[in-house]
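In terms of numbering that gives the first Met the number 0, the sequence shown opens at residue 0 and continues consecutively.
Glycine included, every Cβ here is placed at the ideal spot set by N, Cα and C.
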Amino acid sequence: MSILKNINSPEDLKKLEESDLKNLSSEIREFLINSISKTGGHLASNLGVVELTIALHYCFSSPRDKIIWDVGHQAYVHKILTGRKEMFDTLRSFNGISGFPKPKESIHDIFGTGHSSTSISAALGMASARDLLEENNDYSVIAVIGDGSMTGGLAYEALNNAGRTNTNLIVILNDNEMSITENVGAMSRHLSDIRIAPTYINAKNGFNKFLKKIPTIGEKTGSLIEKTKDTIKYMLVPGIMFEEMGFQYVGPINGQNLNELIKVYNKVKNMQGPILIHVMTKKGKGYKIAEKNPSLYHGVGKFDIKTGTLPKNKDSETYSDVFGKTLVKLATMDKKIVAISAAMISGTGLESFKKIFPKRTFDVGIAEEHAITFSAGMATNGFIPFVAIYSTFLQRGYDQILHDVCIQNLHVVFAIDRAGIVGEDGETHQGIYDISFLSHIPNLTIMAPKDRTEFIEMIKYAANFNGPIGIRYPKGNPAEFSSDGDFKPIEYGKFEVIEEGSDIVLIYAGSMAQTAMKVADNLKQNGVCPTIINARFLKPIDESLLLELSKKNKYIFTMEENIRSGGFGSKILEFFSDKQVTACSVINFALPNTFIEHGNRNLLLEKYLLDEKSITDKILFTLNL
């Protein structure tokens, strides 16, 4: 008989006997594998936290007790246990459930997440707010953070703050990949057992108070004991770093042992002050194929359960692949070229580069701010850093781009991957703000390729540039519009005229190339002959060409996969306003200034009127055709 079938809320889970939970774990793993094989999603990390999550909801009472999931891609089990298992066939699809916690989706999703290292800060804020309340403030606040997220500086800022406040806060460190602390076996577990025993805690607090009451020798004796205790701690306690920051450390705990997890959770929820529980889990647990290759099955598309086979796209070379291959070729010729990644070596196409040039590859962890200032430091010594970061994560390094790179006009190349709508990961991952937050920064040049050949040439151009430069490119497979031998050399700040027309102008930015070509064909069928412009440079814009076009055409239509405010089209409007150009109207096709939900990219473009048909219809309507 299925246990999972009857679990629709944490309250249903609490009705089970502890002995039933092991079978429930097996059922949830089977459910996850079957479901994700059909929808795609984050597999390995969720298989690893099944017991951790079951024990959490078994011991605590969500939503009264607040559980905050760092990043949130490991919260699928949490979603299953909080009434959303029947919706898993819609996971990450348009109008379906999100792959990340969303407060709008459930009262059990306490805090919206998607980027890493935020959970402890948010949890401390909630705990501090709770402490200020006079009523109904007897609940727990728990942050669940993966060891990868501990490479982000924000996590340590929060730990430092929390350790000084003595606020009741529980941090669960899910150690599933990086070995932050070696498991020292029976002694370590014995120490953990002692530390969570109420008799030990009461005795420890009572003894400290007793010593302080003894005149003269009390403080000295206490100090001597503290030094002796510290020496023993450094020898035996694996979590000494957290202890030094003011946390009571418990662990390591076997994250696949439900009895041990439940025992620890039930004890620590009654302890005082900040507590860190170190839980060891195995990514991909229960699915041998994912256990052997957890990175490959971290985030997957649809796959065959029996073989683990992932479907291959016939045209499988992505923009990230092109970037990696091109950089290898350039680095072979120029020893000053280095690659920097923020825990995304594979995602940004740098695996081959790392294999060939291991000493010139720097994976700094999930620390985008550090990656950028680190690159600035290298640039000051004559190196050419290529910093490969997804558009959505580059947002975190805004100050470093402005302050550390651009003010000093350093030659740092920003490879802005996943620019535009990325689809299924939703609001937190859509790369639709980078033109807006980068284009106003002095000294920074921004480019966008229309196809594979132009992308390669832009990478070469950036390597030989003199100053900060970024190339924004989308997720997925590059098109190819350039014929052999007809590629027009890149000139600084110059647009590319693709086709001369006589009625209107279409100017597209990067990923909108294919859509623009189709729109142009539709317009020709309606008797409109547009001039087609490829805006190779989004900053600076080609001012001389724009002035020339404004004298010959009544309308200029711009297309970009970025929000309208502060975007590429907005720059052209601003330029025309400054030059008092009134004879030509500029109409921008861009995304609205809102957060774009998860879903298929084409569906989202259609919804927000940035698809071929919507653009064509709007232009024809404007022209009264």
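Non-local C-beta neighbours of Gly-469 in its own chain, meaning closer than 6 Å and more than five positions away in sequence, comprise Phe-413, Ile-415 and Ile-445, ordered along the chain. Following the DSSP letters along the chain, one finds Asn-476 in no beta strand (DSSP E), marked with neither H nor E.
In terms of CA proximity to Arg-471, Glu-453 leads the group Glu-453, Glu-133, Glu-499 and Asn-465. Secondary structure in the segment 241-314: the alpha helix (DSSP H) runs of 4 residues or longer, each lying completely within the stretch, are 257-267 and 287-291 in chain order.
Sorting Arg-91, Ser-351, Gly-500 and Ser-294 by C-alpha distance to the C-alpha of Lys-324 places Ser-351 at the top. When DSSP states are grouped into helix, strand and coil, Asn-159 belongs to the helix group. Look at Ser-584 here: in three-state DSSP terms it is strand. DSSP places Glu-560 in the strand class (E or B) of the three-state scheme. Nearest to Ile-420 by alpha-carbon distance, out of Met-516, Tyr-389, Thr-530 and Asp-616, is Tyr-389. Secondary structure in the segment 462-523: the beta strand (DSSP E) runs of 3 residues or longer, each lying completely within the stretch, are 468-471, 495-498 and 504-507 in chain order.
9 Å or more divides the Cβ of Leu-443 from the Cβ of Ile-274.
In the structure shown, Phe-356 falls within a coil segment according to DSSP collapsed to helix, strand and coil.
For Pro-441, no alpha helix (DSSP H) run applies, since DSSP gives it neither H nor E. DSSP places Leu-622 outside both helix and strand once states are collapsed to three, so it counts as coil. Going by DSSP, Gly-376 is part of the alpha helix (DSSP H) stretching over 367-378. Rounded to whole angstroms, Asn-5 and Ser-92 show a C-alpha spacing of 25 Å. The beta carbon of Leu-401 lies closer than 6 Å to those of Ile-440 in the same chain, with the five residues before and after it left out. Under the DSSP assignment, Ser-340 falls in the beta strand (DSSP E) whose first and last residues are 336-340. The criterion of a C-beta distance shorter than 9 Å is not satisfied by Leu-46 and Ile-66. In the structure shown, Ala-74 adopts coil according to DSSP, grouped into three states.
Shortest Cα-Cα distance from Ser-25 to any of Ala-43, Leu-3, Val-321 and Gln-407 involves Leu-3. Taking 9 Å as the cut-off, the beta carbon of Ala-370 is found no closer than this to the beta carbon of Ala-330. Contact annotation: Leu-172 and Gly-250 have beta-carbon atoms nearer than 9 Å. Val-386 and Pro-467 have their C-alpha atoms spaced approximately 11 Å apart. Take Met-125, set aside five residues on each side of it, and the residues of its chain with a beta-carbon closer than 6 Å to its own are Lys-65 and Val-140, in chain order.
For Phe-93, DSSP assigns no beta-bridge partner whatsoever.
Assignment of Lys-617 by DSSP, reduced to helix, strand and coil, places it in the helix class. A Cβ-Cβ distance of about 33 Å is found for the pair Asn-465 and His-428, leaving them out of contact under the 8 Å criterion. The shortest C-alpha to C-alpha distance from Val-337 to any of Pro-384, Asp-320 and Ser-501 is the one to Pro-384. Closest by C-alpha distance to Ile-96, out of Thr-38, Asn-561 and Lys-282, is Thr-38.
At the C-beta level, Glu-542 and Ile-489 stay beyond 9 Å of one another. Taking the Cα of Ile-344 as reference, the smallest distance to any Cα among Leu-309, Gly-376 and Leu-295 is reached at Leu-295. A distance below 8 Å between beta-carbons, with the five flanking residues on each side excluded, links Lys-284 to the following residues of its chain, in chain order: Arg-28, Leu-46, Gly-47, Val-49, Gln-255 and Glu-290.
Exclusion of the five residues before and after Asn-292 leaves no residue of its chain whose Cβ lies closer than 6 Å to its Cβ. Taking the Cα positions, Val-404 is about 20 Å away from Phe-536. Between Ile-503 and the set Val-70, Gln-394, Ser-118 and Cys-583, the nearest pair of CA atoms involves Cys-583.
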